[in-house]
Amino acid sequence: MSSTVAAEHLKSLGPFGFVSGADANVKHRQDWSGLPPTIPLGVVYPRNTQEVAHVLEHCLRHRTPVVTQGGLTGLAGGAHPMEQGVVLSTEKMRGVSHIDPVMGTLTAWAGTPLQEIQNAADAAGLYFPIDLGSRGSCTIGGNLATNAGGNKVIRYGMTREQVLGLECVLPDGSVLSSMNHLLKNNTGYDLKQLLIGSEGTLGVITQVVLRLQAKPLHQQSAMCRCETFEQVLHTLQHARKCLGPALSAFEVMWPEFIQCMTTGLPDLRYPFAQKEGFHILIEESHFSPLANGGGLQHCLGELLESVVLCDVVMAQSEQDSQDLWAIRDSVAEYGKVLGPIIGFDIGLPTPTMEASTQAMLAAIHQQWPKAVVLFFGHVGDCNLHVVVHVPGMGEAQPHHAVESLVYAWVEKVQGSVSAEHGVGLIKKPFLSCSRQPAEIALMKVIKRALDPHHLLNPGKIFDLPTPA
Ligand SMILES: Cc1cc2nc3c(=O)[nH]c(=O)nc-3n(C[C@H](O)[C@H](O)[C@H](O)COP(=O)(O)OP(=O)(O)OC[C@H]3O[C@@H](n4cnc5c(N)ncnc54)[C@H](O)[C@@H]3O)c2cc1C
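So the sequence shown is residues 118 to 585, counted in this note's numbering.
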């Protein structure tokens, strides 16, 4: 297409707020993945489903790729723009449109920030259980498109489990309205699941119907310390048995993580006299009218008595609870404490987790003896986060070499190269470590069927040959 024709065609996107890439807000040039900025052809800001449909029809006619962007907090590069593509921002499709307290459902536009959804549910006396550190910026559309996880997956599952219905626009501009509100609806293929976790490659999600939960009356947090990973697993099993569905978080920090982060961030209020061992942050969400009416204290008392745990501290106030969570949330400060890092979000079978951390540590230290390697994880839901800092790493970071080591191990134990962040561009080279050739082939069949011209977020998740 000549540049004059291109300019003319882009001009017709004016009614949808089209701004050229050079003039658009610089935030559209990259997401949180750390990929270098790219200036797209332009950015459009449609205000509703019909406008999204017009944009996609127009881009199909002109064979222009479209990258959907929500809050741009994705860590896998899924929302990274393309020089030859238009960015479709969902920021003008914002707001909660309906809450039905009897059905326990919430309907919202896809560009609504997660925190607004949480607050609206709360104001209605209900609860939306997906919670991420990026809650103020990420959008519910982005949460669906990445099938986001977070801290409470052990209790409520991933985003996928919270969605009853959605509306989206397919790559040819047709609208798929599947705004189901029913908890039970077994009428044929569950089409919404195709879109959830598809990272903007199969359609643009415009509206969502979410399932809300009862709001727990109290949340009680505690930090525990134990010497071995075996004891961590014992604690997990015991907590599940004692607390049942009240167990709402089980976060484990490996010894080096605690040493490094509490030393590097002296403002953290560390609760114990000794920093050795594994640290577990447990949260119970219960419905007893008494704040300490749940079973957590009793459960941890039993583990102390049987010497599975060597230290326990129960939060006595909201401030205590925030201080304990601040130790876990210090992950946001890795850059400050360590400098440049290579981060991983992997899934591993829980029983193999400690053997896996040892094997990965040994393999990394064999090549980079001074590398700092920290582990923390949601453990109860098989999710381990690993960060690696190789001293002196700068422009020529040994990224790919470290990734290859870690993902080779993940493949060996039949884990996942992405537990919750998606594949995007960053994990694309390693997709085959966690998915069988037949699975990837079927993904490509689905992509080709819905997007034969390969225009919606092309090159994300996997590559396809450019269509003739
Ligand atoms: C501090 C911090 C903490 C985080 N913690 C967690 C965590 O605990 N768990 C977790 O899972 N993730 C976490 N993340 C990652 C990120 O917040 C999630 O992946 C989130 O779901 C992305 O939402 P977003 O609106 O920012 O999407 P974006 O980054 O804008 O986009 C992500 C992907 O979704 C697609 N997309 C966005 N909106 C739509 C739409 N309406 N229709 C179709 N496709 C769309 C994009 O094309 C892209 O492929 C964290 C990120 C940060 C920065």
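Using N, Cα and C, we set each Cβ at its ideal position, and we do this for glycine too.
Fair warning: this is a prediction, and the values are worked out from it, not measured in the lab.
### Task
State buried or exposed for Asp-462, treating a residue as buried only when at least 16 other CB atoms are found within 10 Å of its CB.
Residue mapping note: residue 462 aligns to position 345 of the sequence shown, counting from 1. Answer is buried; the Cβ neighbour count reaches 16.
### Task
Under 8 Å Cβ to Cβ from Arg-445, same chain only, skipping five residues before and after it: list those, please.
Translated into positions along the sequence shown, residue 445 becomes position 328. These residues qualify, in order along the chain: Glu-368, Met-370, Leu-398 and Phe-493.
### Query
If you follow the beta strand (DSSP E) that Gly-282 is part of, which residue opens it and which one closes it?
Stepping through the sequence shown from its first residue, residue 282 is reached at position 165. Where Gly-282 is concerned, the enclosing beta strand (DSSP E) stretches over 280-286.
### Query
Leaving out the 5 sequence neighbours to the left and right, which residues in its chain are closer than 7 Å to Thr-222 when beta-carbon positions are compared?
For this step, residue 222 is matched to residue 105 along the sequence shown. Excluding sequence neighbours, Thr-222 sits near Leu-281, His-298, Val-326, Leu-327, Arg-328 and Leu-329.
### Query
Can you round the beta-carbon distance between Ile-271 and Gly-497 to whole angstroms, since I take them to be within the 8 Å contact cut?
Taking the sequence shown and counting its residues from 1, one reaches residue 271 at position 154. Taking the sequence shown and counting its residues from 1, one reaches residue 497 at position 380. Contact holds; Cβ gap of about 4 Å.
### Message
Quick check on the DSSP output: the alpha helix (DSSP H) that includes Met-510 runs from which residue to which?
### Response
Taking the sequence shown and counting its residues from 1, the one referred to as residue 510 is at position 393. It is not in any alpha helix (DSSP H) - Met-510 carries neither H nor E in the DSSP assignment.
### Query
To which residues does DSSP link Gly-460 through a beta bridge?
Your numbering for residue 460 matches position 343 in the sequence shown. BP columns for Gly-460 point to Val-504.
### Query
Is it the case that the Cβ atoms of Phe-404 and Arg-342 are separated by a distance below 9 Å?
For the purposes of this step, residue 404 is identified with residue 287 of the sequence shown, where counting begins at 1. For the purposes of this step, residue 342 is identified with residue 225 of the sequence shown, where counting begins at 1. Cβ distance not < 9 Å, so Phe-404 and Arg-342 don't count as in contact.
### Query
CA-CA distance, Val-204 and Leu-158?
The residue given as residue 204 occupies position 87 in the sequence shown. The residue given as residue 158 occupies position 41 in the sequence shown. When rounded, the distance between both Cα atoms is 8 Å.
### Query
For His-335, which residues from the same chain have a beta carbon less than 6 Å from its beta carbon, with the 5 sequence-adjacent residues on both sides left out?
Stepping through the sequence shown from its first residue, residue 335 is reached at position 218. Cβ neighbours of His-335 beyond the five flanking positions: His-403 and Ala-408.
### Query
Tell me the DSSP bridge mates of His-335?
In the sequence shown, residue 335 corresponds to position 218, counting from 1. According to DSSP, which records beta bridges pairwise, His-335 is partnered with His-403.
### Query
How many whole angstroms separate the CB atoms of Leu-491 and Pro-182, which I take to be in contact at a CB cut-off of 8 Å?
In the sequence shown, counting from the first residue as 1, residue 491 sits at position 374. In the sequence shown, counting from the first residue as 1, residue 182 sits at position 65. Not quite, the Cβ-Cβ distance comes to about 38 Å (not below 8 Å), so this is no contact.
### 7 Å CB neighbourhood of Ser-150 in its chain, flanking five on each side removed
Mapped onto the sequence shown, residue 150 falls at position 33. The residues are Gly-191, Leu-192, Ala-193, Gly-194, His-197, Gly-541 and Ile-543.
### Query
If we call anything under 9 Å between Cβ atoms a contact, is Glu-537 one with Asn-574?
For this step, residue 537 is matched to residue 420 along the sequence shown. For this step, residue 574 is matched to residue 457 along the sequence shown. In this structure, Asn-574 does not lie closer than 9 Å to Glu-537 by Cβ.
### Query
Do the CB positions of Leu-283 and Ser-295 come within less than 9 Å of each other?
Within the sequence shown, the letter at position 166 stands for residue 283. Within the sequence shown, the letter at position 178 stands for residue 295. Contact: yes.
### Task
Evaluate Thr-207 with the Cβ neighbour count: other Cβ atoms within 10 Å of its Cβ, from every protein chain shown; 16 or more gives buried, anything less gives exposed.
Walking along the sequence shown from the start, residue 207 turns up at place 90. Its Cβ being crowded by 16 or more others within 10 Å, Thr-207 is buried.
### Query
Going straight from the alpha carbon of Thr-467 to that of Gly-250, what length do you get?
Within the sequence shown, the letter at position 350 stands for residue 467. Within the sequence shown, the letter at position 133 stands for residue 250. Rounded to the nearest angstrom, the two C-alpha atoms are 23 Å apart.
### Query
So is the beta-carbon of Glu-316 under 8 Å away from any non-hydrogen atom of ligand 1?
Looking up residue 316 in the sequence shown gives position 199. Correct: Glu-316 has its Cβ closer than 8 Å to ligand 1.
### Message
Please determine whether the Cβ atom of Asn-142 lies at a distance below 8 Å from any heavy atom of ligand 1.
### Response
In the sequence shown, the residue the question calls residue 142 occupies position 25. Not under cutoff, so the answer is no.
### Task
Would you mind listing the beta strand (DSSP E) stretches within the stretch 193-225 that are 3+ residues and don't spill past its ends, in chain order?
203-206 and 213-217
### Query
So, Val-448 versus Val-504, is the Cβ gap smaller than 9 Å?
Within the sequence shown, residue 448 is the residue found at index 331, counting from 1. Within the sequence shown, residue 504 is the residue found at index 387, counting from 1. Yes, Cβ-Cβ distance for Val-448 and Val-504 is below 9 Å.
### Message
Taking only three categories from DSSP, how would you classify His-538?
### Response
Position 421 of the sequence shown, counted from the start, is the residue given in the question as residue 538. The answer is coil: DSSP assigns His-538 none of H, G, I, E or B.
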